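> Here it is, the structure in full.
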Amino acid sequence: MAARILSERFYERDTLTAAKELLGCFLVRKIGRKTWRARITEVEAYVGEDDLACHASKGRTKRTETMYGEPGHAYVYLIYGMYHCLNIVTEKGGFPAAVLVRAVEVEDVPKKETDGPGKLCRFLEIDRTFDAWDVTRGEKLWVERGRLGKGEEIEATKRIGVEYAGHCKEYLWRFEIAK
DNA sequence: TGCCGGATCCTG
DNA sequence: AGGATCCGGCAA
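Quick note: the first sequence uses my numbering, first residue -5, plus one each step.
This is the structure:
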């Protein structure tokens, strides 16, 4: 059981690689006696200060400190005053990068409830108290190894909601499972 | 200190 | 198409 949990080593790599490999893996959230297993189906990569869409493009601040920290920790922020977004920090400590989890699927739960970054955080009860949370320990929130099914492929497209990011908005850094 | 806009979602 | 709703970052 514990062996399936993705370790710091998994995250301490090129962000695009880690992002793609997270597809098909399971985001696990334990709330009291209840354990949700959510299959990751869509992610986006945010890489370094040169990526104008990345929060770290404004440099090291209190908010982005987590992204500069150790890989395998959650970076959770509040967006539009009412929704939370879950990222997992990647690459070596000191280099700001993370993978945004944009959609998951939970068995017996309508897709509509978990098919957006804000929606999945609301469903899984993830808020800013999880910022900097270590997701490699298997406590409350972690990720387990998973894979693509037969016939499933990775589709790369532009990231959502980053029209302000100059040339970086063109990067095909959004990855989702396509059939 | 004040203002502006956002890695979203829902309603009309 | 627009509103909800609040915090971070920057200008003043």
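Note that the Cβ used here is the ideal one computed from N, Cα and C, for glycine as well.
These figures come from a predicted structure and were not determined experimentally.
Quick test of the definition: if touching needs 3 or more C-beta pairs under 8 Å, does the stretch 40 to 47 touch the stretch 107 to 116?
Not touching, per the Cβ criterion.
> Do ALA91 and THR9 have their C-beta atoms closer together than 8 Å?
Cβ atoms of ALA91 and THR9: closer than 8 Å.
> How about CYS79 and VAL93: do their beta carbons lie closer than 8 Å?
No, the Cβ-Cβ distance between CYS79 and VAL93 is not below 8 Å.
> Contact between the stretch 18 to 25 and the stretch 154 to 166: three or more CB pairs below 8 Å?
The stretch 18 to 25, when compared against the stretch 154 to 166, does not touch it at the 8 Å Cβ threshold.
> Going by DSSP, what residue range makes up the beta strand (DSSP E) through CYS206?
With the chain represented from -5 up to 173, any question about residue 206 goes unanswered, as that position is not in the structure.
> Please identify the residue among LYS134, GLY143 and THR11 whose C-alpha is closest to the C-alpha of ARG27.
Of the listed residues, the one whose Cα sits closest to ARG27 is LYS134.
> Which partner residues of ALA39 appear in the DSSP bridge assignment?
DSSP lists VAL93 as partners of ALA39.
> ILE148 to ARG168, Cα distance in whole Å?
Using only the alpha carbons, I get a separation of about 10 Å.
> Mind checking which residues open and close the alpha helix (DSSP H) that includes THR9?
THR9 -> alpha helix (DSSP H) spans 9 to 16.
> In angstroms with no decimal places, state the Cα-to-Cα distance between THR58 and ALA68.
Their Cα atoms are separated by approximately 12 Å.
> Out of curiosity, what's the CA-to-CA distance linking GLY88 and TYR62?
Spanning the two alpha carbons is a distance of roughly 5 Å.
> Does the beta-carbon distance from VAL98 to ALA12 come in below 8 Å?
Going by C-beta atoms, VAL98 is not nearer than 8 Å to ALA12.
> I'd like the list of long-range same chain contacts for HIS49, defined as Cβ closer than 6 Å, with 5 residues on each side in sequence excluded.
Cβ within range, chain order: THR58.
> Please report the straight-line C-alpha distance between GLU164 and VAL83, rounded to a whole angstrom.
Distance between the alpha carbons of GLU164 and VAL83: 22 Å.
> Using only the alpha-carbon positions, how far apart do ARG139 and ARG(-2) sit?
Looking at the two C-alpha atoms, the distance is approximately 5 Å.
> Quick check: what's the CA-CA separation for LEU118 versus CYS162?
Each residue's alpha carbon lies about 30 Å from the other.
> With distances taken Cα to Cα, identify the nearest neighbour of SER1 among ARG122, TYR74, ILE73 and VAL137.
If we check each option's Cα against that of SER1, VAL137 comes out closest.
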